[in-house]
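This note's numbering numbers the first residue of the sequence shown as 225 and each following residue consecutively.
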Amino acid sequence: MFTTLFTHAACLDHDTGLGHPECADRLRAVLAALETEEFYMLERQEAPLATLEQLSRAHPREHVERILALVPEQEHAGIDADTVMSPGSGEAALRAAGAVVAAVDAVASGHSRNAFCAVRPPGHHAEHDKAMGFCLFNNAAVGAYHARAAHGLQRVAVMDFDVHHGNGTQDIFQRDPDLLYCSTHQSPLYPGTGDAGEKGEYGNCVNAPLAAMSGSPEFRHAMTHIILPAIDHFKPDLLIISAGFDAHSRDPLAGLHLTDDDFAWATRKLGDLARTHCGARIVSVLEGGYNLRALATATAAHVRELMYC
225 MFTTLFTHAA CLDHDTGLGH PECADRLRAV LAALETEEFY MLERQEAPLA TLEQLSRAHP
285 REHVERILAL VPEQEHAGID ADTVMSPGSG EAALRAAGAV VAAVDAVASG HSRNAFCAVR
345 PPGHHAEHDK AMGFCLFNNA AVGAYHARAA HGLQRVAVMD FDVHHGNGTQ DIFQRDPDLL
405 YCSTHQSPLY PGTGDAGEKG EYGNCVNAPL AAMSGSPEFR HAMTHIILPA IDHFKPDLLI
465 ISAGFDAHSR DPLAGLHLTD DDFAWATRKL GDLARTHCGA RIVSVLEGGY NLRALATATA
525 AHVRELMYC
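1) Does DSSP put residue 493 in a helix, in a strand, or in coil?
2) Could you work out which residue in 259, 459 and 236 is closest to residue 191 when comparing CA atoms only?
3) Since residue 416 and residue 349 should fall inside the 8 Å C-beta cutoff, what is the C-beta to C-beta distance between them, to a whole number of angstroms?
4) From the DSSP output, which residues share a beta bridge with residue 384?
5) Apart from the five residues just before and just after residue 370, which ones in its own chain have a Cβ nearer than 6 Å to its Cβ?
6) The alpha helix (DSSP H) that contains residue 259, what's its start and end?
7) Give, in chain order, every unbroken run of the beta strand (DSSP E) that is at least 3 residues long and sits entirely within the stretch 299 to 366.
8) What are the boundary residues of the alpha helix (DSSP H) that includes residue 441?
9) Note down the Cα distance separating residue 341 from residue 524, rounded to an integer number of angstroms.
10) For a quick check, are the C-beta atoms of residue 405 and residue 430 less than 9 Å apart?
11) Which two residues bound the contiguous alpha helix (DSSP H) that contains residue 292?
12) Give me the residue from 334, 422, 413 and 452 with the minimum Cα distance to residue 434.
13) So, under 8 Å CB-CB, residue 179 and residue 421 are touching, yes? Tell me the CB distance rounded to an integer number of Å.
14) Would you mind stating whether residue 463 and residue 383 have Cβ atoms separated by less than 9 Å?
15) So for residue 270, helix, strand or coil by DSSP?
16) Give the range of the beta strand (DSSP E) segment to which residue 431 is assigned.
17) What does DSSP give as the partner residue(s) for residue 458 in the beta ladder?
18) If we call anything under 9 Å between Cβ atoms a contact, is residue 410 one with residue 490?
19) With DSSP collapsed to three states, give me the class of residue 480.
20) Just to confirm my understanding: we take residue 395, look at its own chain, exclude 5 residues before and 5 after, and list those with CB closer than 6 Å. What are they?
21) Looking at the structure shown, is residue 501 part of a helix, part of a strand, or coil, going by DSSP?
22) How about residue 418 and residue 375: do their beta carbons lie closer than 9 Å?
23) Along the chain, where does the beta strand (DSSP E) that runs through residue 506 open and close?
24) Below 7 Å CB to CB, which residues in the same chain sit around residue 368 once its five sequence neighbours on both sides are set aside?
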C-alpha cells in the first residue's frame, strides 16, 4: 500500500488578494517540496469535488449553499476581515473538502496505507454554520463524517497541531461522543478558544494550550502526557491530522518554536497509535503555515514519516 497525495490545481485559483498570508504560493511551496526524488514513491491523485451531501454532514445545507453563493464573479468578496474569496474560491473549497473525502475512501478501502491532502483553503476554523479564519468549509470534519457514513468508521479522532486552535472542528465535534478533537496550540492567540477547560459535552475535546515562546520540550510534553494518551484511550477507527505548520520557529504569525524534527516526531507517534488502533489508517490535511521555506521543509518531514508509518 502507498501513501497517497491528493491535490488539485484549482486550489491555486483561490485568490485571497495582495499581501494575504494564506496565498497560493503556500501550496506551490508544499508541492515543490514533495516533487523531490525522495518522494517519487508517493501515489498522486487529483482531488474530486465534494458534493453538497458530503459537506452537509458537517455544515447545514443552507449554510453551504450560502457560502457558495457568495463566491464573486470577479475580483474579491470578504466574509470577514481575514476570510476572502475570489471567482476560483468555490471550486477550490470543494476540491479541498473533496480531497479529504477521497483520502478517507482510499485508506478505508485499503488502497492506501495513509494519505496527505495538499489543499487550500484550510478548514479548521470553519464552524458548524460560520466561515472564518481563512477557512470556508471544515475539511477534516467533512472527512470524519464521510468515514462514518460511507465506511462505518464510527469513532474518528482529529489531532490538530496547527499553532491556532481549531475552534471550528471543536464546535462541530463537541456534542458527539464518537468524535474526538485534540489540539496543541499557542494561547493566548487567535481565535481565543482552546482553553484546557474546554472539554466538550462528553469529554471528547482535549486541549493542550502552549504559552508563547514554547518549543520542543513543551510541545513533546503536551503530546506525551495529554494528547497521545487521550487518543490511545479513545481507540479511533480512523485518525485525521489537521497538519498546520505555523507553530514552526520561522513562522511570522505566531510565537512557538517547533522544528521540522518536532513535526516528524509527532507524526511518528501518531503513526504508532494508528497502527495499534485503526490499521494504520491516517488522513492528513494541510492547515496553516505561512513562512514558505518552513512550510515546505516541515511538510516534507511530515510526509516522509507518513511514508514509513
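Glycine is no exception: its CB is placed at the ideal position from the N, C-alpha and C atoms.
Taking the definition as stated:
1) Residue 493 sits at position 269 when you count from the first residue of the sequence shown. Helix at residue 493.
2) The displayed coordinates of the chain run from 225 to 533. Any statement about residue 191 would go beyond what the structure contains.
3) Taking the first residue of the sequence shown as 1, we reach residue 416 at position 192. Taking the first residue of the sequence shown as 1, we reach residue 349 at position 125. No, residue 416 and residue 349 are not in contact; Cβ-Cβ is about 11 Å, not under 8 Å.
4) Within the sequence shown, the letter at position 160 stands for residue 384. Per DSSP, 407 and 466.
5) By 1-based counting over the sequence shown, the position of residue 370 is 146. For residue 370, where only same-chain residues beyond five positions count, the Cβ hits under 6 Å are 278, 325 and 328.
6) To locate residue 259, count along the sequence shown from 1; it is residue 35. First-last for residue 259: undefined, no H or E at that position.
7) 336 to 341
8) Looking up residue 441 in the sequence shown gives position 217. Residue 441 -> alpha helix (DSSP H) spans 440 to 446.
9) Translated into positions along the sequence shown, residue 341 becomes position 117. Translated into positions along the sequence shown, residue 524 becomes position 300. If I take the Cα positions, the gap works out to 13 Å.
10) Translated into the one-based positions of the sequence shown, residue 405 becomes position 181. Translated into the one-based positions of the sequence shown, residue 430 becomes position 206. Their beta carbons are under 9 Å apart, which means residue 405 touches residue 430 by this criterion.
11) Along the sequence shown, read from residue 1 onward, the residue named residue 292 stands at position 68. Element bounds for residue 292: 285 to 293.
12) For the purposes of this step, residue 434 is identified with residue 210 of the sequence shown, where counting begins at 1. Of the candidates 334, 422, 413 and 452, the one whose C-alpha sits nearest the C-alpha of residue 434 is 413.
13) In the structure as shown, the chain starts at 225 and stops at 533, and residue 179 therefore has no counterpart that could be examined.
14) The residue labelled residue 463 in the question sits at position 239 within the sequence shown. The residue labelled residue 383 in the question sits at position 159 within the sequence shown. Against a cut-off of 9 Å, the Cβ pair of residue 383 and residue 463 comes out as a contact.
15) For the purposes of this step, residue 270 is taken as residue 46 along the sequence shown, with counting starting at 1. Reduced to three states, the DSSP call for residue 270 is strand.
16) Against the sequence shown, residue 431 aligns to sequence position 207. Per DSSP, residue 431 belongs to the beta strand (DSSP E) from 429 to 434.
17) Locating residue 458 in the sequence shown gives position 234, where the first residue counts as 1. None, per the DSSP bridge assignment.
18) In the sequence shown, counting from the first residue as 1, residue 410 sits at position 186. In the sequence shown, counting from the first residue as 1, residue 490 sits at position 266. Contact flag unset, no.
19) Within the sequence shown, the letter at position 256 stands for residue 480. Coil, per DSSP.
20) Mapped onto the sequence shown, residue 395 falls at position 171. So the qualifying residues of the chain are 351 and 352.
21) For this step, residue 501 is matched to residue 277 along the sequence shown. If DSSP states are grouped into helix, strand and coil, residue 501 belongs with the helices.
22) Within the sequence shown, residue 418 is the residue found at index 194, counting from 1. Within the sequence shown, residue 375 is the residue found at index 151, counting from 1. Not closer than 9 Å, so no.
23) Walking along the sequence shown from the start, residue 506 turns up at place 282. Here the beta strand (DSSP E) through residue 506 covers 506 to 510.
24) Position 144 of the sequence shown, counted from the first residue, corresponds to residue 368. So the list reads 380, 382, 403 and 464, once near-sequence residues are dropped.
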